[in-house]
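This report concerns only the one structure given below.
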Amino acid sequence: MDLLQIPDDWRAQLEDELRQPYMGGLVAFLKDRQAQGAAICPKPANWFRAFSACRFDEVKVVLLGQDPYHRPGQAMGLSFSVPDGVLPPPSLRNIFKELQADLQVAPPTHGDLTSWAAQGVLLLNTILTVEAHRPLSHQNRGWERFTDAVIRKLSEKKKGLICLHWGRSAQQKEGLIDTTKHYLLHAAHPSPFSANRGFLGSRPFSRTNALLVKEGKRPVRWKIK
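Residue 92 in our numbering sits at position 94 of the sequence shown, with consecutive numbering throughout.
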């Protein structure tokens, strides 16, 4: 893994964390799994795509996921997003369902959320890699510590972030956020197993935009073309 794939603006913020010994262990683990022929999702070029798609200075919303989709071809380095041409998974379809109910935005024809990232929505998974057909297979290998550091740095350096925490895994990270200067919007996970228990009807998109306007920031254009 080439850590230089992390864009310079993010690397400047995370330099101390990248030097921590556990990062060397994470790199060694990933290289070993590659050498053994493991199919790692997403492709290595997209492991840090959340950062290249959304500059540090432009982050205003954090949408936190867990680990990447584990079916080949789905993961693209942005939480909940899939490449154009790949059928949106059930969680993403529920996100689009709520978007339509909340803002009357018709579901898009694809599931690529890059346009959200380009507007300052950091689409961050807490674990950045997974092996095909093996959910959470890269859990407790170091990614969680790294992404915790990312969240802490954002909390420290930014003001008025809107953090969308959907599901228990994301909500376990809430202690990393300074709630005296940032906003937490809780909801159930959009998975079919939990969407009806507090995600559908939570109106996260309109609530986020209202808070952005309150903070004097440009609202997100959630419609995907």
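The beta carbon of each residue, even a glycine, is placed where N, CA and C say it ideally should be.
- The residue among Ala186, Ser204 and Arg205 with its C-alpha nearest the C-alpha of Gly196 is Ala186.
- The shortest C-alpha to C-alpha distance from Gly83 to any of Ser89, Ile93, Ser77 and Gln72 is the one to Gln72.
- With a cut-off of 8 Å on Cβ pairs, the stretch 140 to 153 is in contact with the stretch 167 to 180, counting three or more such pairs.
- Rounded to the nearest whole angstrom, the CA to CA distance from Leu122 to Pro66 is 10 Å.
- Leu152 sits in a helix when the DSSP states are folded into three classes.
- Your pair Leu62 and Lys171 checks out as a contact, with CB atoms roughly 6 Å apart and the cut at 8 Å.
- Two segments are said to touch when three or more pairs of C-beta atoms, one from each, lie closer than 8 Å; by this definition the stretch 97 to 108 does not touch the stretch 40 to 49.
- Ranked by Cα distance from Tyr181, the first of Asp30, Lys157 and Trp114 is Lys157.
- Where Tyr181 is concerned, the enclosing beta strand (DSSP E) starts and stops at Tyr181 to Ala185.
- Secondary structure of Gly173 (DSSP, three-state): helix.
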